[in-house]
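What follows is one structure encoded as structure tokens, with my remarks underneath.
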Amino acid sequence: MGETIFLAGATGAIGTRLVPMLVEAGFTVYGTTRKPERENSLRQAGATPVIVDVFNSQALAETLRQTRPRIVIHQLTDLPFGLDPAQMEAGRIRNAHLREVGTKNLVDAAVAAGAERMISQSIAWAYQPGATPISEETPLQDSATAIRTLEALTLQTPKIAGTVLRYGLLYGPGTGLDAPTGPITLHVDEAARATLLAAETAAAGIFNIVDDGGPISNAKAKSVLA
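In this text, residue positions in the sequence shown follow this note's numbering: the first is -15, and each later residue adds one.
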């Protein structure tokens, strides 16, 4: 392929699995981290490490300007490891701020740098309850304001094509969960693989990325991201 990807959140649970997949597929990958001690692991995986904080909009914009990616992938989250209940209240507040402010900074920087595509992580368990199987057209819960903001920024920003991947609750290496928990789940390797397919197929829009057999339909993703 030879195309350049800027992967925000390259050392997270999905990012760690995604980097080698992207490199093997022929992409040139710039992967972000806020921690210098993680630079070496990114290099070993084949990515060029970039130390930047998504809340520093000026530094982020300059980084995107220098790397000039065609595709920007947003895999940033700020939730406690394993979704530790004792830390979740504070984690939800941080994560909502990241989805709103961090996403805007990332999208703005991507557009300014001339990126053509934006692929963003979302969640598949924010739908309003109703008849199953639930599809991408099912309305989100009224309380899902940060998710709506993230998705709108990804899908509705002029000059950039957006893709939203609504993942199930992740399990597997690096997630803190060894096995599926609940009805809406997804192995972290499948999340990474779906993200790779989204980058390769240039598919725009919203896709449910979930394990088979639950209340959420993944038929659209299976049809398009193949």
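Glycine included, each C-beta is placed from N, C-alpha and C at the ideal position.
Using CA atoms only, rank isn't needed, just tell me which of the options is closest to residue i.
i              : options                        : result
isoleucine 103 : Thr32, Thr185, Arg1            : Thr185
glycine 152    : Ala145, Lys143, Gly158, Glu174 : Glu174
threonine 12   : Glu135, Asn24, Val56           : Val56
alanine 45     : Ala163, Thr87, Arg1            : Thr87
arginine 52    : Glu73, Thr159, Asn89, Ala94    : Ala94
glycine 197    : Gly(-4), Gln71, Glu84, Pro164  : Pro164
isoleucine 200 : Glu135, Leu2, Glu121, Tyr155   : Glu121
tyrosine 155   : His171, Gly166, Ile144, Leu149 : His171
arginine 177   : Ala74, Pro167, Gly189, Ala205  : Ala205
arginine 1     : Pro157, Gly166, Thr133         : Pro157
isoleucine 144 : Phe191, Pro167, Arg101         : Arg101
Could you give the DSSP three-state label for residue i: helix, strand or coil?
i                 : result
alanine 203       : helix
serine 25         : helix
threonine 147     : strand
serine 106        : strand
isoleucine 168    : coil
arginine 101      : strand
phenylalanine 39  : coil
proline 33        : strand
glycine 189       : strand
phenylalanine -10 : strand
valine 214        : This structure cannot speak to residue 214, because the chain is shown only from -15 to 210.
leucine 209       : coil
valine 56         : strand
glycine 156       : strand
Once you ignore the five residues that flank residue i on each side, which residues in its own chain have a CB closer than 6 Å to its CB?
i             : result
alanine 110   : Leu124, Gln125, Ala128, Ile131
asparagine 40 : none
arginine 78   : Asp62
alanine 43    : Val36
alanine 29    : Val3, Pro4
alanine 80    : Ala130
aspartate 92  : none
threonine -5  : Thr17, Arg22
Ignore the nearest five residues each way along the sequence and tell me which others in residue i's own chain have a CB closer than 7 Å to its CB.
i          : result
glycine -1 : Leu(-9), Gly(-7), Gly15, Gln59
Can the beta-carbon of residue i be found closer than 8 Å to that of residue j?
i              : j              : result
threonine 147  : alanine -3     : no
valine 36      : leucine 90     : no
alanine 97     : arginine 49    : yes
glutamate 134  : arginine 76    : According to the sequence shown, residue 134 is leucine rather than glutamate. Against a cut-off of 8 Å, the Cβ pair of arginine 76 and leucine 134 comes out as no contact.
asparagine 202 : valine 194     : yes
alanine 108    : isoleucine 168 : yes
Ignore the nearest five residues each way along the sequence and tell me which others in residue i's own chain have a CB closer than 8 Å to its CB.
i              : result
isoleucine -11 : Leu6, Phe11, Thr12, Val13, Tyr14, Pro53, Arg54, Ile55, Val56, Ile57, Ala183
aspartate 162  : Tyr155, Gly156
Is there contact between the stretch 115 to 134 and the stretch 59 to 68, where contact requires at least three CB pairs shorter than 8 Å? no
Would you call the stretch 167 to 182 and the stretch 125 to 141 touching, i.e. three or more CB-CB distances under 8 Å? no
For the stretch 184 to 200 against the stretch 18 to 36, are there 3 or more C-beta pairs whose distance is under 8 Å? no
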